[in-house]
Amino acid sequence: MKNEALLEYLEGFISDNRKQRFLDVLKNRTKHFTIAMEDVFQMHNTSAVMRSCEVFGIQELNVIEQKYGKSIDKQIAMGAQKWVDIKEHENAASCVKNLRAQGYQIIATTPHNESCLIHEFDITKPSALFFGTENEGLSEEIMNNADGYLKIPMVGFTESLNISVSAAIIIQDITNRLRNSTIDWQLSEEEILEKRLDWTRKTIKDAAFVESKFYEKKV
Numbered sequence: 001m002k003n004e005a006l007l008e009y010l011e012g013f014i015s016d017n018r019k020q021r022f023l024d025v026l027k028n029r030t031k032h033f034t035i036a037m038e039d040v041f042q043m044h045n046t047s048a049v050m051r052s053c054e055v056f057g058i059q060e061l062n063v064i065e066q067k068y069g070k071s072i073d074k075q076i077a078m079g080a081q082k083w084v085d086i087k088e089h090e091n092a093a094s095c096v097k098n099l100r101a102q103g104y105q106i107i108a109t110t111p112h113n114e115s116c117l118i119h120e121f122d123i124t125k126p127s128a129l130f131f132g133t134e135n136e137g138l139s140e141e142i143m144n145n146a147d148g149y150l151k152i153p154m155v156g157f158t159e160s161l162n163i164s165v166s167a168a169i170i171i172q173d174i175t176n177r178l179r180n181s182t183i184d185w186q187l188s189e190e191e192i193l194e195k196r197l198d199w200t201r202k203t204i205k206d207a208a209f210v211e212s213k214f215y216e217k218k219v
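This is the structure we're talking about:
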């Protein structure tokens with residue numbers, strides 16, 4: 001009940017339109033799928049993928065940056081970093097282990113083997129979709145530990161797309177199919193409450209000070 005009371009208090013500092021907007025967006029958020037990016041040298045690609053996650057309702061983005069250690073390009077992310085949860089991992093092995101422990105199957109995106117085409121992909125299973133660099137692709141660690149492989153059908157001479165474009169195509173396809181299915185894909189009530197609190201805090205100026213006044217009233 002404490003979180004509900006805190007949320008009610010904090011929502012007094014934002015507009016009714018903003019509160020409703022949070023609710024509307026959260027209706028379309030999912031953790032049924034999660035996205036993982038491995039060692040993408042050009043971080044604007046990761047920022048663009050984050051933007052696609054936000055636009056199409058993927059709540060979590062996993063970033064493995066053991067080589068380059070760069071930061072999110074906020075201009076390209078266009079504020080998406082405020083609304084998508086970024087999970088950072090030191091290496092591929094720890095990322096795979098963590099996501100498996102959460103119940104995800106590991107799906108490697110690649111055009112270079114007998115991968116499942118996106119329109120054939122089974123959306124019923126919670127899945128973590130991994131994307132690598134355009135030139136090198138995913139590491140052997142990911143490829144060898146994947147439960148399945150996924151690719152976009154292509155009919156031209158070029159055999160690969162920019163990674164952010166590939167991710168956008170795949171994310172749009174699977175989330176659209178998910179929302180039109182009978183699968184229980186939405187966030188739980190507890191997860192929705194957590195995100196409403198998080199987003200409300202991010203909207204309020206001097207949120208920490210405002211929240212401290214709530215606890216002072218409770219003493």
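Number 130 in the working numbering belongs to position 130 of the sequence shown; there are no gaps in the numbering. Quick reminder that beta carbons are idealized off the backbone N, C-alpha and C, glycines included. Everything numeric in this text was worked out from a predicted model, so none of it was measured.
Output the distance between the C-alpha atoms of residue i and residue j, rounded to the nearest integer angstrom.
i: Asn91; j: Asn145; result: 13 angstroms
i: Val96; j: Phe121; result: 20 angstroms
i: Arg18; j: Glu114; result: 46 angstroms
i: Asp16; j: His89; result: 37 angstroms
i: Glu136; j: Val49; result: 18 angstroms
i: Ala128; j: Asp206; result: 35 angstroms
i: Glu191; j: Asn3; result: 12 angstroms
i: Thr158; j: Leu150; result: 17 angstroms
i: Ser166; j: Ile204; result: 35 angstroms
Which same chain residues end up closer than 6 angstroms to residue i when comparing Cβ atoms and leaving out the 5 residues on each side of it in sequence?
i: Gly132; result: Glu38, Leu138
i: Arg29; result: Gly57, Gln59, Leu187
i: Arg177; result: Ile123
i: Arg201; result: Ala207
Hey, could you find the ends of the alpha helix (DSSP H) residue i is sitting in?
i: Met143; result: 140 to 145
i: Gln172; result: 163 to 179
Would residue i and residue j be called neighbours here (beta carbons separated by less than 8 angstroms)?
i: Ala93; j: Glu140; result: no
i: Glu60; j: Lys87; result: yes
i: Ile152; j: Ile170; result: yes
i: Ala108; j: Met143; result: yes
On the CB-based measure, 16 or more other CB atoms within 10 Å of its CB, does residue i come out buried or exposed?
i: His119; result: exposed
i: Gly156; result: exposed
i: Tyr68; result: In this prediction, Tyr68 scores a pLDDT of 47, lower than 50, which makes its location untrustworthy; the coordinate-derived value is nonetheless stated afterwards. By the 10 Å Cβ count, Tyr68 comes out exposed.
i: Phe33; result: buried
i: Ala101; result: exposed
i: Tyr104; result: buried
Where does the unbroken beta strand (DSSP E) through residue i begin, and where does it stop?
i: Ser127; result: 127 to 131
For residue i, which residues in the same chain have their Cβ closer than 8 angstroms to its Cβ, ignoring the five residues on either side in sequence?
i: Leu197; result: Asn3, Leu6, Leu7, Leu10
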